[in-house]
RNA sequence: GCCCCCGUCGUCCAGCGGUCGAGGAUCCCACCCUUUCAAGGUGGUGACGCGGGUUCGAAUCCCGUCGGGGGUACCA
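In the working numbering, the protein residues as written are 105 to 654.
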């Protein structure tokens, strides 16, 4: 990833020192938190769900806080009451908890610089706006949205940029309040991910800070709260890169002559720590795109993070995989657990190009992780995929509402015992937890025989004989893997056919499918009586198919 | 249109002027193993968007171009 700009050395700042002071084995004499400690925040608007892109932003913030021993703040930006929903917020909380991303200050958990829901900070925002207006930084724009849109269209039609500046609008006494931005000169920021980025003030449109209904907008609330909460590092999506100049202008204005401190006092909110300055570090993360390099689609990860749980992905896998989207440790390791990622993560070493979400790679990671689980742990993780909590995919990839739970909620002791016995058989052949729904049913209840499997296997010569002989020898044999194997393998000589021709018909008869865990082990954990019954029941089906074949 | 960002195997990353006849992961293919399906093992295909320049030397630096993305809201 070539980093544009002359910033090759810009990443060598003081971060290493900070990070080395907080590794788990940090020497006790080094204070874990200094006056320059990292304070990062995740600040989503509560509309919609957490998806891969927003989770990556949350994760990188969280990782940087944990790596540096800093503070991870979760603030909710619900200044637009029309879009914010409580359901969305609850869903986000659930997703964060599932991923194991904990926050030190923020919604639900509180903290010294709350409230952490912007709608609860409206008094502060208004107090700030009033002071800004008093100092002459704001002006009224009384055009209606329709008028504004018409004006913008005119400008575009004339190939002119629709940039609003104080002198392009009448200074009316009523209407929305805009911030008067500088009209000339440039401003630049040294972004951790992108290097130096420069803007010309002449191209920056004056943002609306207060709506006609009196509510403040994101540009104001975001800047105020970042300052009031002592945020030191702003790490967010690239979609907010263009908003940086006006935000930094606001920082300047708010910090001048104690404007913000006075407003904080007036609103009765906690004072800022005197050592806090404006956020000095910015990191704009690239977008996450689909495998087609276009916007994230439903097939490619633009789904709620809960959807990944439903599809049988482990939270550890997601965390590991998403951390690798745009970042990698110096030694090139890919499979890492949470602590390893925290230890190795480096915000100053994040790539700037858009990352495509690759479900195949995620799936491969997941399979490996499943194999690393202890059988007992895996059994417990499997339960939600059997009891109806997580529905398997239907043909369209949507939750299948016709899925019949395989075990009770909670599972009976007997069901749990069966599951624990089954786990070693399926563990190494699963990529996702959801696949258990394919393997498990015949071990728990009666299942029909799959037509395609029957057609394929029963029509082969020797199938009927294999079923008959299988039932015969299995009727009295030691019901152990060894006993079953010996009996069944003995059949190849007796019938004069290969073992595959013996095993497949029996597999289909007993499991209903031509794909299953290993036969002997599968039979062993089933009831002998059940096995014999199924072999018996399959016989007429096999005979029919053979008859039709001739 | 205007502003900004990005551009190495299909995909994710490594590469920070010579050690790159470009490395790892994933995907794909082949072979081994094998009672199905997997897993595992071995091997393989596959990339510096293009054009100029700087330099003894460029994937690495500069310029241009093309392509992709974001912004251009009284959304965030």
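Every residue gets a Cβ at the ideal spot worked out from N, C-alpha and C, and that includes glycine.
If you're wondering where the values come from, they're calculated on a predicted model, not measured in any experiment.
**Message:** Using only the alpha-carbon positions, how far apart do residue 502 and residue 148 sit?
**Reply:** By one-based count along the first chain, residue 502 stands at place 398. By one-based count along the first chain, residue 148 stands at place 44. Whole-angstrom Cα-Cα distance: 27 Å.
**Prompt:** Can you tell me the Cα-Cα spacing of residue 177 and residue 328, whole angstroms?
**Reply:** As a first step, residue 177 is located in the first chain; it is residue number 73 there, counting from the start. As a first step, residue 328 is located in the first chain; it is residue number 224 there, counting from the start. Going by the C-alpha atoms only, they are around 15 Å apart.
**Request:** Return the chain-ordered list of same chain residues with a C-beta closer than 7 Å to the C-beta of residue 628, the five sequence neighbours on each side being excluded.
**Result:** For the purposes of this step, residue 628 is taken as the residue at position 524 of the first chain. Excluding positions up to five away in sequence, the list reads 583, 584, 585 and 588.
**Item:** residue 211 in three-state terms, based on DSSP
**Value:** The count along the first chain starts at 1 and reaches residue 211 at position 107. In this structure, residue 211 counts as coil in the three-state DSSP scheme.
**Message:** Looking only at its chain, what residues have a beta carbon closer than 6 Å to the beta carbon of residue 341, apart from the 5 residues adjacent to it on each side?
**Reply:** Reading the first chain from its first residue, position 237 is the one you call residue 341. For residue 341, where only same-chain residues beyond five positions count, the Cβ hits under 6 Å are 161 and 389.
**Message:** Starting from residue 553, trace the alpha helix (DSSP H) in both directions and tell me its first and last residue.
**Reply:** Residue mapping note: residue 553 aligns to position 449 of the first chain, counting from 1. Residue 553 -> no alpha helix (DSSP H), and no H or E assigned at all.
**Message:** If I measure Cβ to Cβ from residue 635 and keep anything under 8 Å in the same chain, skipping five residues before and after, which residues do I get?
**Reply:** On the first chain, residue 635 is found 531 positions in, with the first residue counted as 1. Closer than 8 Å at the Cβ level, and outside the excluded window around residue 635, lie 578, 614 and 627.
**Request:** Note down, in chain order, each residue of its chain lying with its Cβ closer than 8 Å to the Cβ of residue 426, except the 5 sequence neighbours on either side.
**Result:** Walking along the first chain from the start, residue 426 turns up at place 322. 156, 159, 160 and 163.
**Item:** Cα-Cα separation, residue 205 to residue 166
**Value:** By one-based count along the first chain, residue 205 stands at place 101. By one-based count along the first chain, residue 166 stands at place 62. Cα-Cα distance, rounded: 7 Å.
**Prompt:** Per DSSP, residue 299 is paired with what?
**Reply:** By one-based count along the first chain, residue 299 stands at place 195. Its beta-bridge partners are 295.
**Coil, strand or helix - residue 132 by DSSP** = Reading the first chain from its first residue, position 28 is the one you call residue 132. Note that residue 132 has pLDDT 30, beneath the 50 cutoff, so the model's placement of it is unreliable and the number below is only indicative. Reduced to three states, the DSSP call for residue 132 is coil.
**Item:** Endpoints, alpha helix (DSSP H) assigned at residue 606
**Value:** Translated into the one-based positions of the first chain, residue 606 becomes position 502. Segment 603-615, the alpha helix (DSSP H) holding residue 606.
**Request:** Please look up how many angstroms separate the CB atoms of residue 185 and residue 142, rounded, as I've assumed it's under 8 Å.
**Result:** Here residue 185 corresponds to residue number 81 of the first chain, with the count starting at 1. Here residue 142 corresponds to residue number 38 of the first chain, with the count starting at 1. Residue 185 to residue 142, Cβ: 32 Å. No contact.
**Request:** Tell whether a beta-carbon distance below 9 Å holds between residue 449 and residue 400.
**Result:** Mapped onto the first chain, residue 449 falls at position 345. Mapped onto the first chain, residue 400 falls at position 296. Their beta carbons are not under 9 Å apart, which means residue 449 does not touch residue 400 by this criterion.
**Request:** Counting only the same chain and skipping the five closest in sequence on each side, list residues whose C-beta sits under 7 Å from that of residue 438.
**Result:** In the first chain, the residue the question calls residue 438 occupies position 334. Once the five neighbours on either side are set aside, the close Cβ partners of residue 438 are 428.
**Request:** Assess, as a yes-or-no matter, whether the region 481-489 is touched by the region 518-530 under the definition of 3 or more beta carbon pairs within less than 8 Å.
**Result:** yes
**Prompt:** Straight-line CA distance for residue 559 to residue 649?
**Reply:** Here the question's residue 559 lines up with position 455 in the first chain. Here the question's residue 649 lines up with position 545 in the first chain. In a straight line, the C-alpha of residue 559 is about 7 Å away from that of residue 649.
**Asked** Less than 9 Å separating the beta-carbons of residue 433 and residue 217?
**Response** Here residue 433 corresponds to residue number 329 of the first chain, with the count starting at 1. Here residue 217 corresponds to residue number 113 of the first chain, with the count starting at 1. Result no, Cβ atoms of residue 433 and residue 217 do not sit closer than 9 Å.
**Message:** Residues in the same chain with beta-carbon distance under 6 Å from residue 380, minus the five sequence neighbours each way, listed in chain order, please.
**Reply:** Position 276 of the first chain, counted from the start, is the residue given in the question as residue 380. So the list reads 334, once near-sequence residues are dropped.
**Asked** Touching or not, the region 292-301 and the region 243-262, by the rule of three or more beta carbon pairs under 8 Å?
**Response** no
**Prompt:** How big is the Cα-Cα spacing for residue 289 and residue 308?
**Reply:** Locating residue 289 in the first chain gives position 185, counting from the first residue. Locating residue 308 in the first chain gives position 204, counting from the first residue. Taking the straight line from one Cα to the other gives about 11 Å.
**Message:** Which residues does DSSP list as the beta-bridge partners of residue 503?
**Reply:** The sequence position of residue 503 within the first chain is 399, counting from 1. Residue 503 is bridged to 497.
**Prompt:** So, helix, strand or coil for residue 220, using DSSP?
**Reply:** Residue numbering aside, residue 220 sits at position 116 when the first chain is read from its first letter. Here residue 220 sits in coil by DSSP.
**Prompt:** Taking the beta strand (DSSP E) that residue 177 falls in, what are its first and last residues?
**Reply:** If you number the first chain from 1, residue 177 lands on position 73. Looking at the DSSP string, the run of the beta strand (DSSP E) that includes residue 177 is 175-178.
**Request:** Report yes if the C-beta distance between residue 386 and residue 330 is below 9 Å; otherwise report no.
**Result:** For this step, residue 386 is matched to residue 282 along the first chain. For this step, residue 330 is matched to residue 226 along the first chain. It is not a contact, given that the beta carbons lie outside the stated cut-off.
**Asked** residue 280 lies in the beta strand (DSSP E); which residues open and close that run?
**Response** The sequence position of residue 280 within the first chain is 176, counting from 1. Its beta strand (DSSP E) spans residues 280-283.
**Prompt:** Quick one: what's residue 229 bridged to in DSSP?
**Reply:** Along the first chain, read from residue 1 onward, the residue named residue 229 stands at position 125. Paired residue(s): none; residue 229 is not in a bridge.
**Request:** Could you tell me whether the region 219-232 touches the region 358-368, using the rule of 3 or more Cβ pairs below 8 Å?
**Result:** yes
**Asked** In the DSSP assignment, what residue or residues form a beta bridge with residue 385?
**Response** The count along the first chain starts at 1 and reaches residue 385 at position 281. According to DSSP, which records beta bridges pairwise, residue 385 is partnered with 337.
**Prompt:** By Cβ distance, which residues of its chain are closer than 6 Å to residue 553, with the 5 residues on each side in sequence left out?
**Reply:** Within the first chain, the letter at position 449 stands for residue 553. Once the five neighbours on either side are set aside, the close Cβ partners of residue 553 are 616.
**Item:** Validate contact between the region 271-286 and the region 308-322 using beta carbons, cut 8 Å, 3 pairs
**Value:** yes
**Request:** Measure the CB-CB distance between residue 151 and residue 187 and report whether it falls below 9 Å.
**Result:** As a working note, residue 151 is residue 47 in the first chain. As a working note, residue 187 is residue 83 in the first chain. In contact: residue 151 and residue 187 (Cβ atoms closer than 9 Å).
**For residue 371 and residue 227, believed in contact at Cβ under 8 Å, the rounded distance** = Counting from one through the first chain, the residue named residue 227 turns up at place 123. Counting from one through the first chain, the residue named residue 371 turns up at place 267. 4 Å between Cβ atoms; contact.
**Request:** Measure the C-alpha to C-alpha separation of residue 384 and residue 303 and round it to an integer number of angstroms.
**Result:** As a first step, residue 384 is located in the first chain; it is residue number 280 there, counting from the start. As a first step, residue 303 is located in the first chain; it is residue number 199 there, counting from the start. Going from the Cα of residue 384 to the Cα of residue 303 covers about 17 Å.
**Message:** According to DSSP, is residue 397 part of a helix, a strand, or is it coil?
**Reply:** One-based indexing of the first chain puts residue 397 at position 293. Three-state result, residue 397: coil.
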